[in-house]
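Q:
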């Protein structure tokens with residue numbers, strides 16, 4: 039997304055000609071590549087961004103500022119989809135997204151850990167939830183080096199035990215497809231290394 043900046047003050051000339059062209063293609067962007075930082079939406083530093091005059095068009099981050107809440111989630115989702123184009127069958131992607139969301143929720147909050155005994159081990163132990171006010175902001179599922187391997191990229195928000203609420207947390211969960219003798223395939227989470 040490119041926003042055009044207008045000069046401050048009321049004496050800007052009004053023109054009936056065509057609007058000026060947006061940012062030239064050779065100009066560096068101030069948008070950080072998604073997945074390249076630990077905080078989603080953190081703009082990459084750009085020497086050109088601070089040198090722009092108020093009358094020049096200025097490129098703005100497509101992602102909202104941290105703490106924007108649910109209003110910024112759509113921009114994060116769109117940025118993920120642009121950064122990593124879909125490469126899985128729609129059915130596989132839906133299954134992986136559902137499994138990835140459930141697994142992350144179980145890991146972060148303790149809710150539903152019983153569904154993942156191979157991931158969380160002994161269910162007889164008491165669990166102190168690590169996060170509250172948990173929310174998944176965006177998620178995509180993509181191939182991970184082969185047709186039977188996939189990764190679910192999740193961006194999420196939550197309050198830790200100390201009460202600090204942080205959004206833009208990033209988690210990647212890796213899955214492997216297994217197929218039964220009857221031809222039914224399922225996605226199984228791979229152990230964390």
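Residue numbers (my numbering): 39 to 231. No residue lacks a Cβ here, since even glycine has one placed at the ideal position from N, Cα and C.
Beta-carbon separation of residue 234 and residue 176 under 8 angstroms?
A: One cannot answer for residue 234 here, as it falls past the ends of the chain, which runs 39 to 231.
Q: Classify residue 207: buried if its beta carbon has 16 or more other beta carbons within 10 angstroms, exposed otherwise.
A: Result: buried.
Q: Can you look up residue 94 in the DSSP assignment and give me helix, strand or coil?
A: Legend: pLDDT at residue 94 = 39, less than 50; position of this residue unreliable, value from coordinates given subsequently. Residue 94 falls in the coil class under three-state DSSP.
Q: Taking all protein chains shown into account, do 16 or more other C-beta atoms lie within 10 angstroms of the C-beta of residue 159, making it buried, or fewer, making it exposed?
A: Classification for residue 159: exposed.
Q: Alpha helix (DSSP H) containing residue 155: first to last residue?
A: It spans 155-158 - the alpha helix (DSSP H) in which residue 155 sits, taken as one unbroken run.
Q: In this structure, does DSSP put residue 142 in helix, strand or coil?
A: If DSSP states are grouped into helix, strand and coil, residue 142 belongs with the helices.
Q: Under the DSSP definition of a beta bridge, which residues are partnered with residue 198?
A: Partner(s): 169.
Q: Out of 215, 133, 149 and 104, which has the shortest C-alpha to C-alpha gap to residue 166?
A: Checked all of 215, 133, 149 and 104; the closest Cα to residue 166 is 149.
Q: Give the DSSP-derived three-state secondary structure of residue 218 in the structure shown.
A: Note: residue 218 maps to coil in three-state DSSP.
Q: Determine the closest residue to residue 135 out of 198, 225 and 230, with distance taken between C-alpha atoms.
A: Cα-wise, what sits closest to residue 135 is 225.
Q: Contact defined as beta carbons within less than 8 angstroms: I believe residue 169 pairs with residue 197. What is the distance between those atoms, to the nearest angstrom?
A: The Cβ separation is near 6 angstroms, so the contact holds.
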